[in-house]
Amino acid sequence: MQLIGWMDGVKLWILIWSPLGGGVISWLLMRKKRILLLLWKYHGSCLDSNDIIHFYGFTKNPDTLEYLVVMDYANKGNLRSNLTRIIESGWDQKVFMLYGIIYGLGFIHEQNLIHCDFHDGNILNHNEDKIYISDLGLCQPIKSSLEESKICGVIPFMAPEVLRGKPYTPASDIYSFSMIMWEFTSGVPPFNDRAHDIQLSLSICRGERPEIIENTPQCYVDLMKKCWDGDPLKRPSSGKILETIEKWVLYPKDKKIEDINEELKCNIMEFINAPIGHNNLATESHSQACHTSRLLNFTSKQLNEILESKNSQTYYATHSSTGITEDLDDCIIEDTSN
Numbered sequence: 001m002q003l004i005g006w007m008d009g010v011k012l013w014i015l016i017w018s019p020l021g022g023g024v025i026s027w028l029l030m031r032k033k034r035i036l037l038l039l040w041k042y043h044g045s046c047l048d049s050n051d052i053i054h055f056y057g058f059t060k061n062p063d064t065l066e067y068l069v070v071m072d073y074a075n076k077g078n079l080r081s082n083l084t085r086i087i088e089s090g091w092d093q094k095v096f097m098l099y100g101i102i103y104g105l106g107f108i109h110e111q112n113l114i115h116c117d118f119h120d121g122n123i124l125n126h127n128e129d130k131i132y133i134s135d136l137g138l139c140q141p142i143k144s145s146l147e148e149s150k151i152c153g154v155i156p157f158m159a160p161e162v163l164r165g166k167p168y169t170p171a172s173d174i175y176s177f178s179m180i181m182w183e184f185t186s187g188v189p190p191f192n193d194r195a196h197d198i199q200l201s202l203s204i205c206r207g208e209r210p211e212i213i214e215n216t217p218q219c220y221v222d223l224m225k226k227c228w229d230g231d232p233l234k235r236p237s238s239g240k241i242l243e244t245i246e247k248w249v250l251y252p253k254d255k256k257i258e259d260i261n262e263e264l265k266c267n268i269m270e271f272i273n274a275p276i277g278h279n280n281l282a283t284e285s286h287s288q289a290c291h292t293s294r295l296l297n298f299t300s301k302q303l304n305e306i307l308e309s310k311n312s313q314t315y316y317a318t319h320s321s322t323g324i325t326e327d328l329d330d331c332i333i334e335d336t337s338n
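For the record, in the sequence shown the residue sitting at position 78 is 78 according to the UniProt record's numbering, with numbers rising by one throughout.
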């Protein structure tokens with residue numbers, strides 16, 4: 001086996017295995033049996049989905065006593081590492097990939113599950129455009145074990161109501177999906193040039209969202225804005241989003257042009273005419289941007305107190321913590337490049 005890096009919380013190994021003439025699988029190294037069993041339980045509920053990474057089983061290293069999960073290997077890595085390639089792809093490929101993502105997320109919601117840690121590090125890419133959702137429900141047990149008002153996650157992908165201490169819901173997953181939609185137009189993670197701290201969290205709760213990228217098809221922008229609405233009740237369900245994207249993906253192939261309504265024709269033409277390529281956004285991350293799940297060094301209680309304060313700037317200067325964030329065991333990616 002060869003260690004190739006980390007996948008948001010666990011070591012990722014690959015192993016060449018030939019049970020039926022050849023293939024590649026990967027192993028996840030888990031530190032805690034509790035996390036392993038919950039992960040297995042949630043993935044077991046979604047075995048019928050082709051858009052969720054497949055688990056084959058698990059074992060235990062007798063020497064280190066660490067647990068190993070055997071799963072499919074996605075040869076392109078996570079979505080974040082493919083953004084540069086995706087931004088240079090045609091809109092047909094981008095929309096097809098989004099279709100796979102929302103299809104998988106919708107399947108999770110149909111099982112009465114919530115992902116709770118839905119971001120570009122937990123979405124895997126195989127070959128050119130095949131998408132798998134991974135780490136299903138990984139943060140649910142972590143969230144449940146946190147003290148009240150503590151916050152865990154990747155700030156740019158966290159819905160404002162979650163930052164403010166409300167429970168995770170399917171609508172909070174949809175907010176995270178909107179950030180993935182935005183990445184497909186920008187080629188960089190959301191708020192990549194900002195410190196991922198309490199100040200950014202305050203801005204998100206006050207309604208700030210990533211800047212709309214010029215020349216993005218308007219129908220795409222409209223859907224994205226609905227998904228990142230500050231009111232979770234106004235966000236569309238995964239099923240409604242699937243219906244919309246399905247029209248963009250399938251209708252042009254399955255219907256004659258005269259059978260497509262005018263609105264859909266206009267939407268299709270927007271995708272066809274939209275330019276392809278890079279924008280002018282900086283690709284280098286801010287030194288305090290963090291794209292991995294972590295326990296934040298402020299609480300939702302502190303956040304709400306600042307938001308409700310008449311003079312929030314003075315309150316922030318007086319009360320904000322300057323301590324280093326505490327890493328969560330089994331919920332962190334480590335940089336193995338050094």
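Just so it is clear, CB atoms sit at the ideal spot from N, CA and C, and this is done for glycine as well.
Short Cβ contact (8 Å threshold) for residue 346 with A74: Since the first residue of the chain shown is 1 and the last is 338, residue 346 is not available in this structure.
Where the alpha helix (DSSP H) containing I114 begins and where it ends: For I114, there is no enclosing alpha helix (DSSP H), as DSSP marks it with neither H nor E.
Enclosing beta strand (DSSP E) for H126 [first to last residue]: Per DSSP, H126 belongs to the beta strand (DSSP E) from I123 to H126.
Inter-residue spacing [alpha-carbon to alpha-carbon] between S49 and I306: The straight-line gap separating the alpha-carbon atoms of S49 and I306 is approximately 43 Å.
Same chain, Cβ closer than 7 Å to D197, five either side skipped, listed in chain order: Excluding residues up to 5 positions away in sequence, Q288 lie with their Cβ nearer than 7 Å to the Cβ of D197 in the same chain.
Three-pair Cβ contact test at 8 Å for the region 96-113 versus the region 260-275: As far as the Cβ criterion goes, the region 96-113 does not touch the region 260-275, which means the pair count is below three.
Cβ-based burial, D193 [other Cβ within 10 Å; buried from 16]: In the assembly as shown, D193 is an exposed residue. Its beta-carbon has fewer than 16 other beta-carbons within 10 Å.
For R85, three-class secondary structure by DSSP: Looking at R85 - three-state DSSP - the assignment turns out to be helix.
Cut-off 7 Å between Cβ atoms - residues of its own chain near K94, not counting five sequence neighbours on either side: Correct list, in chain order: I86 and F184.
Residue from C205, I241, I108 and I123 with nearest C-alpha to D222: Considering only C205, I241, I108 and I123, the residue with the shortest C-alpha distance to D222 is I241.
Touch test, the region 228-237 against the region 169-180, Cβ-Cβ under 8 Å, three pairs minimum: At 8 Å Cβ cutoff, the stretches touch.
Closest residue to N267 among S285, C205, A195 and K247 (Cα-Cα distance): Cα-wise, what sits closest to N267 is K247.
Among E161, L303 and K226, the one whose alpha carbon lies nearest that of Q199: Answer by Cα proximity: L303.
Burial state of M71 (16 or more Cβ within 10 Å): Within 10 angstroms of the beta-carbon of M71 lie 16 or more other beta-carbons, which makes it buried.
Pairwise C-alpha distance: N122 and D129: The alpha-carbon of D129 is positioned some 16 Å away from that of N122.
F107 versus I212, S285 and I52, residue with shortest Cα-Cα distance: The closest CA to that of F107, considering only I212, S285 and I52, is found on I52.
Environment of M224 [buried if 16+ CB atoms lie within 10 Å]: Classification of M224: buried, given that the 10 Å Cβ count is 16 or more.
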